[in-house]
Amino acid sequence: MEIAALARTTKEDIDRAWMAVQHAAKPKIHTFIATSEIHMVHKLKLSRQQVIEKAVAAVKRAKSYTDRVEFSAEDGSRSDKDFLCQVFEAAIEAGATTVNLPDTVGYAVPHEFGELVKYVHEHTPNIHKATISVHCHNDLGLATANTLAAIMAGARQAEVTINGIGERAGNASLEELVMCLHTRQKDIALNTNIDTSLLFPTSRMVRVITGMMVQPNKAIVGANAFAHEAGIHQDGVLKNPMTYEIMKPETVGLNRNQMVLGKHSGRHALRAHLKDMGYDLSDEELQAFFQKFKLLCDKKKYVLDEDLEVLVTEVVLRTADLFALEYLHVTCGTTVMPMASVKLLINGRSVKGAGYGNGPIDAVYNTIAKLVDTQTELLRFTVSAISGGTDAQGEVTVRLQQNGIVALGRGADPDILTASARAYINGLNRLEYLKHNQSDIGSTDLDESGI
1 MEIAALARTT
11 KEDIDRAWMA
21 VQHAAKPKIH
31 TFIATSEIHM
41 VHKLKLSRQQ
51 VIEKAVAAVK
61 RAKSYTDRVE
71 FSAEDGSRSD
81 KDFLCQVFEA
91 AIEAGATTVN
101 LPDTVGYAVP
111 HEFGELVKYV
121 HEHTPNIHKA
131 TISVHCHNDL
141 GLATANTLAA
151 IMAGARQAEV
161 TINGIGERAG
171 NASLEELVMC
181 LHTRQKDIAL
191 NTNIDTSLLF
201 PTSRMVRVIT
211 GMMVQPNKAI
221 VGANAFAHEA
231 GIHQDGVLKN
241 PMTYEIMKPE
251 TVGLNRNQMV
261 LGKHSGRHAL
271 RAHLKDMGYD
281 LSDEELQAFF
291 QKFKLLCDKK
301 KYVLDEDLEV
311 LVTEVVLRTA
321 DLFALEYLHV
331 TCGTTVMPMA
341 SVKLLINGRS
351 VKGAGYGNGP
361 IDAVYNTIAK
371 LVDTQTELLR
381 FTVSAISGGT
391 DAQGEVTVRL
401 QQNGIVALGR
411 GADPDILTAS
421 ARAYINGLNR
431 LEYLKHNQSD
441 IGSTDLDESG
451 I
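Per the UniProt record's numbering, the sequence shown starts with residue 1, numbered consecutively.
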């Protein structure tokens, strides 16, 4: 498996990229520059020849660090086809082993994008020395379709993301592309060697870590992907699942027969079940996990896989906490002003206070902010139920900003106010961690921020 770092065509970016991946078993540097007229004229203010020169210089510098070099022509789908081939030829001659054709703004349609890949393949003289890659955005909802069209036209690398997350409307979805190739293998005759049974659990893990919800009707990994509501569909599935299911849920790692755990579940059974889910915790992590599991069992009669995944994330991604919640009491209702009483541990010292707000969560956050004496901006607040039932855990995700540093905080609890407090405190702890551990990347002009 290659580990790649993305870099603009500046020397500083390429040097930093190498610093990031130099210890990987197979390090790769991925450098890019825009090749469309609109980008060259209005953003870069460079001529075609200058763009080629910068691309060549960047590839050569990257090549001085590693033999694995990828070059991307940003906004390639809106670039002049012949100029695109010219840039790719120069990049390959300079040492690029992969040339990437991005649909940066999601403008392409499948037949057009496939033809572009074919054109590059046929009109770039030294293309046989490199792998053709594609990178599709989903602005028109065609990222996966465009990626598939490119593969069928000769591309042999696809840049995709789990759950389709990415800039603006996202990128081509890994799970959609993998299962499309898997399901239609007889027709397309290509495969990825990816273990498809890990798609669903990986999707859920990414959701928990990023706090980005997966829409219920999302293909492959959405909650409704294998749900059948219409009577005629249900009847067909009962008679033969393949009447309305073109793939088995188990193929993507969705187990219909979910194990339900409770307060009488032992450590050994819990560890075995976690391994079945794909989590191999150390003894120390398992001990911390088991303590959290028992506390949750006191609040919830049954603990489901979704609950376990949240607990695993809390244990594995935990940082050294400066702030910890000791006590929370909230008063609210239709005739009283919301008030929160909070006791925190701050660097081992217990402090308490109370405050009001425009709603109970606002009261909690105002009180916590007063106790920790910090000014942070709440950029985003989301809440969702982890599982079904009135005793389901509420999962809260917040995005906090302070002095240009942004941190994600998350918390879960059957009590949504407690979950909200934990998410806020988790975000504050992450802010503190980032403030003291953030690399000094310097200040640079970010006019070429992505592909």
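Glycine residues also receive a C-beta, built at the ideal position from the N, C-alpha and C atoms. The model shown is predicted, which means the values in this text are computed figures rather than measured ones.
Less than 9 Å between the C-beta atoms of residue 364 and residue 336, yes or no?
For residue 364 and residue 336, no; Cβs fall outside 9 Å.
Under 9 Å, do residue 353 and residue 338 count as touching if we go by C-beta distance?
no
Quick check: the Cα distance between residue 440 and residue 53, rounded to an integer number of angstroms?
Model confidence at residue 440 stands at a pLDDT of 44, short of 50, so the residue's coordinates are unreliable and nothing is read from them.
When the Cα of residue 131 is compared with those of 355, 155, 408, 138, which residue comes out closest?
The option with the nearest alpha carbon to residue 131 is 155.
Grab the span of the beta strand (DSSP E) containing residue 380 for me, first residue to last.
Residues 377-385.
Just mark residue 240 as buried or exposed, buried being the case when its beta carbon has 16 or more other beta carbons within 10 Å.
Around the CB of residue 240, fewer than 16 other CB atoms lie within 10 Å, so the residue is classed as exposed.
Would you tell me roughly how many angstroms separate the C-alpha atoms of residue 5 and residue 168, rounded to the nearest one?
Each residue's CA atom was taken as its position, placing residue 5 and residue 168 some 21 Å apart.
Report yes if the CB atom of residue 398 is closer than 9 Å to the CB atom of residue 378, and no otherwise.
yes
Considering only C-alpha positions, which residue in the set 226, 423, 160, 3 is nearest to residue 209?
Cα-wise, what sits closest to residue 209 is 423.
Using only the alpha-carbon positions, how far apart do residue 408 and residue 164 sit?
Between residue 408 and residue 164, the C-alpha separation is close to 19 Å.
Could you check how far apart the C-beta atoms of residue 292 and residue 317 are, in whole angstroms? I think they sit under 8 Å.
Contact flag wrong, Cβ pair sits at about 13 Å.
Buried or exposed for residue 455, please, with buried defined as at least 16 other CB atoms from any protein chain shown within 10 angstroms of its CB.
Missing from the structure shown is residue 455; the chain here goes from 1 to 451 and no further.
Just to confirm, are residue 174 and residue 148 a CB contact at a threshold of 9 Å?
no
What did DSSP end up calling residue 227 once you bin it into helix, strand or coil?
coil
Look up residue 28 in the DSSP assignment and give the residues it is bridged to.
Under DSSP, residue 28 takes part in a beta bridge, and its partners are 4.
Have a look at residue 254 and residue 197 and give me their C-alpha separation to the nearest angstrom.
Taking the straight line from one Cα to the other gives about 8 Å.
Hey, how far is the Cα of residue 362 from the Cα of residue 345?
20 Å
Do residue 376 and residue 427 count as a contact pair if the criterion is CB distance below 9 Å?
yes
Between which two residues does the alpha helix (DSSP H) containing residue 426 stretch?
416-437
DSSP three-state call for residue 327: helix, strand or coil?
In this structure, DSSP gives residue 327 an extended state, which the three-state scheme calls strand.
Under 8 Å, with one C-beta from each stretch per pair, do the stretch 66-76 and the stretch 84-99 reach the 3-pair mark?
Here the stretch 66-76 makes contact with the stretch 84-99; the two share three or more CB pairs at distances below 8 Å.
Please classify residue 267: is it buried, with 16 or more other beta-carbons within 10 angstroms of its beta-carbon, or exposed?
Answer is exposed; the Cβ neighbour count stays below 16.
Please name the residue in 385, 216, 191, 55 whose C-alpha comes closest to that of residue 7.
55
How about residue 134 and residue 151: do their beta carbons lie closer than 9 Å?
Taking 9 Å as the Cβ cut-off, residue 134 and residue 151 qualify as a contacting pair.
How many angstroms separate the CA atom of residue 126 from the CA atom of residue 89?
6 Å
If I measure Cβ to Cβ from residue 1 and keep anything under 7 Å in the same chain, skipping five residues before and after, which residues do I get?
26
Determine contact between the stretch 365-372 and the stretch 277-295, defined as no fewer than three beta-carbon pairs at a distance below 8 Å.
no
For residue 168, list the residues DSSP reports as bridge partners.
As far as DSSP is concerned, residue 168 takes part in no beta bridge.
State the DSSP-derived secondary structure class of residue 339, mapped to helix, strand or coil.
Secondary structure of residue 339 (DSSP, three-state): strand.
Taking residue 434 as the reference, give the member of 414, 400, 451 with the closest Cα.
400
Between the C-alpha atoms of residue 340 and residue 355, what's the straight-line distance to the nearest angstrom?
6 Å
Within this structure, are the beta carbons of residue 142 and residue 108 separated by less than 9 Å?
For residue 142 and residue 108, yes; Cβs fall inside 9 Å.
Any idea what DSSP makes of residue 98, helix, strand or coil?
strand
For residue 446, does the three-state DSSP call read helix, strand or coil?
Confidence at residue 446 is low in this model, with a pLDDT of 41, below 50, so the placement of that residue should be treated as unreliable; the coordinate-derived value is given next. The three-state secondary structure of residue 446, taken from DSSP, is coil.
Considering only C-alpha positions, which residue in the set 153, 146, 110, 98 is nearest to residue 128?
Looking only at 153, 146, 110, 98, the smallest Cα-Cα distance to residue 128 is reached by 98.
Taking only three categories from DSSP, how would you classify residue 408?
For residue 408, the secondary structure class from DSSP, reduced to helix, strand or coil, is strand.
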